[in-house]
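Asks: Just passing along the structure, written as structure tokens.
There are 2 protein chains.
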Amino acid sequence: MAKAIKKETCQYRLIAGKDAMEVLQGKWRIPIIISLTDGDKRFGEIQREIGNISPKMLSQELKALEENKIITRTLYDSMPVTVEYSLTPLGRSTDKLLEEFLKWGTHFRNEIVGNR
Amino acid sequence: MAKAIKKETCQYRLIAGKDAMEVLQGKWRIPIIISLTDGDKRFGEIQREIGNISPKMLSQELKALEENKIITRTLYDSMPVTVEYSLTPLGRSTDKLLEEFLKWGTHFRNEIVGNR
DNA sequence: GTAAGTAGTTACCTTCAGGTAAGTAAATCT
DNA sequence: AGATTTACTTACCTGAAGGTAACTACTTAC
Numbered sequence: 001m002a003k004a005i006k007k008e009t010c011q012y013r014l015i016a017g018k019d020a021m022e023v024l025q026g027k028w029r030i031p032i033i034i035s036l037t038d039g040d041k042r043f044g045e046i047q048r049e050i051g052n053i054s055p056k057m058l059s060q061e062l063k064a065l066e067e068n069k070i071i072t073r074t075l076y077d078s079m080p081v082t083v084e085y086s087l088t089p090l091g092r093s094t095d096k097l098l099e100e101f102l103k104w105g106t107h108f109r110n111e112i113v114g115n116r
Numbered sequence: 001m002a003k004a005i006k007k008e009t010c011q012y013r014l015i016a017g018k019d020a021m022e023v024l025q026g027k028w029r030i031p032i033i034i035s036l037t038d039g040d041k042r043f044g045e046i047q048r049e050i051g052n053i054s055p056k057m058l059s060q061e062l063k064a065l066e067e068n069k070i071i072t073r074t075l076y077d078s079m080p081v082t083v084e085y086s087l088t089p090l091g092r093s094t095d096k097l098l099e100e101f102l103k104w105g106t107h108f109r110n111e112i113v114g115n116r
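In structure tokens, the structure reads:
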């Protein structure tokens, strides 16, 4: 190993933070994961739940999440073809992170967003 | 209250997630917070620690974090003027979130980033 | 007087995330 | 034959995020 970086150092933390942001960055990734945490969903269902995401962005972000092994895409040969998206184990492993994310989002809203 | 949204619903979670992302979004916010978690720092120290951030971006993001009450700026009337940045209680309240962020970032790196 | 260190600012440019609008394809309903 | 539903794709455009480089202002050291 060339220049191993210890787990406790600030440098190590900076790299781990960058890694996580690379996958979760952007306006739609977290919302999509939140939506799928609620249960497997179809394209249209996710779109309606998130509300104002265009099919282009949804399609694009779902592909990116699939490439990063966060979700899987399953095509069902039903009458109008349906596609179901679900979280992989890796996707589900964001649960604790998501929980803290939501807790902090709520805290922040109460502290700041509400007073402006 | 008009149409209260229950804490458990997917809609509530989507809003909290959006709130959190509003503050933490971008390439540099999380790294800056990580850097300051390590202790109060001066402009140049943060810049050297993060490594490749330009003074323009650092200045801009520090201002944004200050506006959101995540950090404070203190000017010291020393011989070359120094400025110290530190986390506010609200800023420090990201510690659990940050921890999960870093845990997951490491997990993700081991699962995916390492294998590509 | 000039270099070096403090903490930025300013102007300019490029890239890409994201938005908008319309089109595609296959099947089923009416 | 035309409308509807599902799940997208494609082309085009805009604005914001971020990068680069140079400049400012003050003080100390050489």
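Residue numbers (full-length UniProt numbering), protein chains in the order written: chain A, 1 to 116; chain B, 1 to 116.
Note that the Cβ used here is the ideal one computed from N, Cα and C, for glycine as well.
Given the structure is predicted, the values throughout are model-derived calculations rather than measurements.
(1) Which residues, in chain order, does the region 78-89 of chain A contribute to contact with chain B at a C-beta distance below 8 angstroms?
(2) For A/N68, count the other beta carbons within 10 Å of its own beta carbon; 16 or more makes it buried, fewer makes it exposed. Which is it?
(3) Which residue's Cα is closest to the Cα of A/F43: A/I5, A/K96, A/K63?
(4) Quick one: Cα of A/W28 to Cα of A/I71, how far?
(5) What separation, rounded to the nearest whole angstrom, lies between the Cα atoms of residue 123 of chain B and A/G105?
(6) When the distance is taken between beta carbons, is A/L98 closer than 8 angstroms to B/I34?
(7) Under 8 angstroms, Cβ to Cβ, is there at least one residue of chain B near A/S93?
(8) Distance cutoff 8 angstroms, beta carbons only. Does A/K6 sit that close to anything in chain B?
(9) Assuming B/D95 and B/T9 make a contact with CB atoms under 8 angstroms, what is their CB distance in whole Å?
(10) Since B/E84 is in the beta strand (DSSP E), which residue starts that stretch and which ends it?
(11) Considering only their Cβ atoms, is the gap separating B/G17 from A/F101 smaller than 8 angstroms?
(12) In the DSSP assignment, find the unbroken alpha helix (DSSP H) run with B/I70 in it and report its ends.
(13) Taking beta-carbon pairs under 9 angstroms, can you tell me which members of the region 10-22 of chain A lie near chain B?
(14) Taking CB distances under 8 angstroms as the criterion, tell me whether B/E100 reaches chain A.
(15) Just to confirm before moving on: does the CB-CB distance between B/D40 and B/Y76 stay below 8 angstroms?
Replies: If we stick to the structure as given:
(1) Flagged: no residues at all.
(2) A/N68 is buried by the Cβ-count criterion.
(3) A/K63
(4) So the two alpha carbons sit approximately 14 angstroms from each other.
(5) Examination of residue 123 of chain B is not possible in this model, given that chain B is present from 1 through 116 alone.
(6) Against a cut-off of 8 angstroms, the Cβ pair of A/L98 and B/I34 comes out as no contact.
(7) yes
(8) Not closer than 8 angstroms to any Cβ of chain B, the Cβ of A/K6 fails to qualify, so no.
(9) That pair is no contact at about 27 angstroms.
(10) 82-87
(11) yes
(12) Careful: B/I70 lies outside any alpha helix (DSSP H) and carries neither H nor E.
(13) Hits within the stretch, in order: C10, Q11, Y12, R13, L14, I15, A16, G17, K18, D19, A20, M21, E22.
(14) Flagged as an interface residue toward chain A: B/E100, by a C-beta distance shorter than 8 angstroms.
(15) no
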